[in-house]
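Structure first, then comments.
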Amino acid sequence: MITDRYIPDLLSFLDSSPTASWAVTRLASKLDENGFTRLEEGNSWNIAANVRFYIVRSGSSIIAGVTGTETFGTAGCRIIGAHTDSPGFRIKPEADRKKENINVLGVELYGSPILATWFDRDLSLAGTLAIREGNTVSRRSFMIRKPIFRMASPAIHLEREINKKGFKVNPETNTPLLFSSSGAAFDDVLSLACKSADVEKDSVSGWSMEIWDPQPATLGGIEDDFIFSGRLDNLAMCHTGIEALLASEECANTRLVSLFNSEEAGSRTLNGAGSAFLDTIIERLAGGRDEYFRCLSRSIQISADGAHALHPNYSEKHDPGCHPVLNGGPVIKVNAMEKYTSNDITSAYFRTCADKSGVDIQYFVNRNDIPCGSTIGPVTSARMGIRSVDVGNPLLSMHSVRETAGKSDHEAMIKVMTEHLRGSVSISS
Ligand code: ZN
-8 MITDRYIPDL LSFLDSSPTA SWAVTRLASK LDENGFTRLE EGNSWNIAAN
42 VRFYIVRSGS SIIAGVTGTE TFGTAGCRII GAHTDSPGFR IKPEADRKKE
92 NINVLGVELY GSPILATWFD RDLSLAGTLA IREGNTVSRR SFMIRKPIFR
142 MASPAIHLER EINKKGFKVN PETNTPLLFS SSGAAFDDVL SLACKSADVE
192 KDSVSGWSME IWDPQPATLG GIEDDFIFSG RLDNLAMCHT GIEALLASEE
242 CANTRLVSLF NSEEAGSRTL NGAGSAFLDT IIERLAGGRD EYFRCLSRSI
292 QISADGAHAL HPNYSEKHDP GCHPVLNGGP VIKVNAMEKY TSNDITSAYF
342 RTCADKSGVD IQYFVNRNDI PCGSTIGPVT SARMGIRSVD VGNPLLSMHS
392 VRETAGKSDH EAMIKVMTEH LRGSVSISS
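Quick note: the sequence shown uses our numbering, first residue -8, plus one each step.
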């Protein structure tokens, strides 16, 4: 039976995770509360069976896991992958652009946000400050909720055709953030960030500043069966992965949840899915090269990312047969050009996990005249040689500043992922 038990925690996680770094901070403290030990990549490890651990790389990617009772080469790993970042905007260096009597700040695109959705929202700022203490630099996170920024749309009287022709946005000239009519400049924004992080401004030698919409996540719809929030893609799947890990019990295989930054920028970063983060963690845990390769051949990954739900007002954009709907259950994503890792056998694997946990599933395939996106699954699966299936919960308005998901799909996905992690279903080689 599907309940609401995970929803309050999900909403709170969404509200307190404006950036990938904050998401990882929140998840790490939840793991701490549940008896997980933080390992450092620079230290030696000697990990026995049934050990709960996690590793953070660059503050914004995290791999959490519990070692199995059998060796890595014998039982392999059951892995869940997702991404911690979301599309949006970042403050440019030298961002001050005074226009008439209004000060605005220049922003840089991150990933592919739906630009128009960011207009006329109460926007704020979160990110990290790089602090210098003596000859050492380190990071400190900050989060501001006060609505200090605005991307203002033109009035309809200035764009008479806006509803007929669509709201077209030039990402350079139309997006600078309005923030002062009294002469304030970027330096004042930096002061606010320093105050929020409780650091001396003189010690700040660098920063990363992301724009976010602090409107709280909420349930919606007349029966509260929708979730309205920013960053559902892909914080919702980060949350399901960690909850499944916490719900899973002792078993032969090792259970891993790998949550990467940089997916929206192509994954080729120090701690993206294109890095060797997951590879090196598994090899070090396995304790030897041969054991590592045997482990990979016995491992199975669920790559979880948002899936497009059927939009009732844009149904012509969807395949005529596959109509995944909000609250219809987790979606297996299929693509003949293999932008997704799902195939006959791994789809059957996920479906069997769903059957065993009493969860209905749906399928997504794109129209041939509308190309689909991709995600982390193909990146890790191809490089490491791990069998994988791409899935996700149905979502409307993917990459909008405010997306819509179905409430019951969340626990449904946690149930299937928990079944996966416990290793009760296998693929015969
Ligand atoms: Zn995504």
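A virtual CB, placed ideally from N, CA and C, is assigned to each residue, including glycine.
Own chain residues within Cβ distance below 7 Å of residue i, not counting five before or after
{"i": "residue 273", "result": "68, 283, 286"}
{"i": "residue 343", "result": "416"}
{"i": "residue 182", "result": "192"}
CB of residue i within 8 Å of CB of residue j, strictly
{"i": "residue 59", "j": "residue 243", "result": "yes"}
{"i": "residue 250", "j": "residue 75", "result": "yes"}
{"i": "residue 403", "j": "residue 303", "result": "no"}
{"i": "residue 53", "j": "residue 5", "result": "no"}
{"i": "residue 147", "j": "residue 258", "result": "no"}
{"i": "residue 168", "j": "residue 248", "result": "no"}
{"i": "residue 324", "j": "residue 298", "result": "yes"}
{"i": "residue 405", "j": "residue 341", "result": "no"}
{"i": "residue 330", "j": "residue 218", "result": "no"}
{"i": "residue 375", "j": "residue 295", "result": "no"}
{"i": "residue 401", "j": "residue 384", "result": "yes"}
{"i": "residue 50", "j": "residue 77", "result": "no"}
Closest by C-alpha distance to residue i, when choosing among the options
{"i": "residue 32", "options": "360, 328, 262", "result": "262"}
{"i": "residue 138", "options": "205, 254, 349", "result": "205"}
{"i": "residue 90", "options": "35, 371, 171, 352", "result": "171"}
{"i": "residue 312", "options": "22, 7, 357, 352", "result": "357"}
{"i": "residue 201", "options": "376, 192, 211, 140", "result": "140"}
{"i": "residue 104", "options": "52, 404, 81", "result": "81"}
{"i": "residue 471", "options": "330, 395, 374, 383", "result": "Because the chain in this structure spans residues -8 to 420, residue 471 falls outside the shown range and cannot be described."}
{"i": "residue 377", "options": "40, 337, 352", "result": "337"}
{"i": "residue 364", "options": "390, 226, 119", "result": "390"}
{"i": "residue 154", "options": "161, 27, 107", "result": "107"}
{"i": "residue 359", "options": "227, 309, 180", "result": "309"}
{"i": "residue 85", "options": "70, 296, 99", "result": "99"}
{"i": "residue 102", "options": "43, 47, 162, 63", "result": "162"}
{"i": "residue 40", "options": "369, 240, 335", "result": "240"}
{"i": "residue 315", "options": "180, 387, 62", "result": "387"}
{"i": "residue 115", "options": "92, 125, 142, 131", "result": "142"}
Buried versus exposed, by CB contacts within 10 Å (16 or more), residue i
{"i": "residue 305", "result": "exposed"}
{"i": "residue 234", "result": "buried"}
{"i": "residue 149", "result": "exposed"}
{"i": "residue 9", "result": "buried"}
{"i": "residue 418", "result": "exposed"}
{"i": "residue 245", "result": "buried"}
{"i": "residue 408", "result": "buried"}
{"i": "residue 224", "result": "buried"}
{"i": "residue 255", "result": "buried"}
{"i": "residue 34", "result": "exposed"}
Neighbourhood of residue i by C-beta, 6 Å cutoff - its chain only, sequence neighbours within 5 removed
{"i": "residue 237", "result": "25"}
{"i": "residue 207", "result": "6"}
{"i": "residue 199", "result": "118, 119"}
{"i": "residue 230", "result": "1, 4"}
{"i": "residue 22", "result": "45, 55"}
Residue i: CB within 7 Å of a non-hydrogen atom of ligand 3
{"i": "residue 387", "result": "As for ligand 3, it is missing from this structure, which binds only ligand 1."}
Residues of its chain near residue i, where Cβ-Cβ distance is below 8 Å and the 5 sequence neighbours each way are ignored
{"i": "residue 187", "result": "133, 134, 135"}
{"i": "residue 191", "result": "185"}
{"i": "residue 160", "result": "106, 107, 110, 166"}
{"i": "residue 196", "result": "121, 122, 123, 128"}
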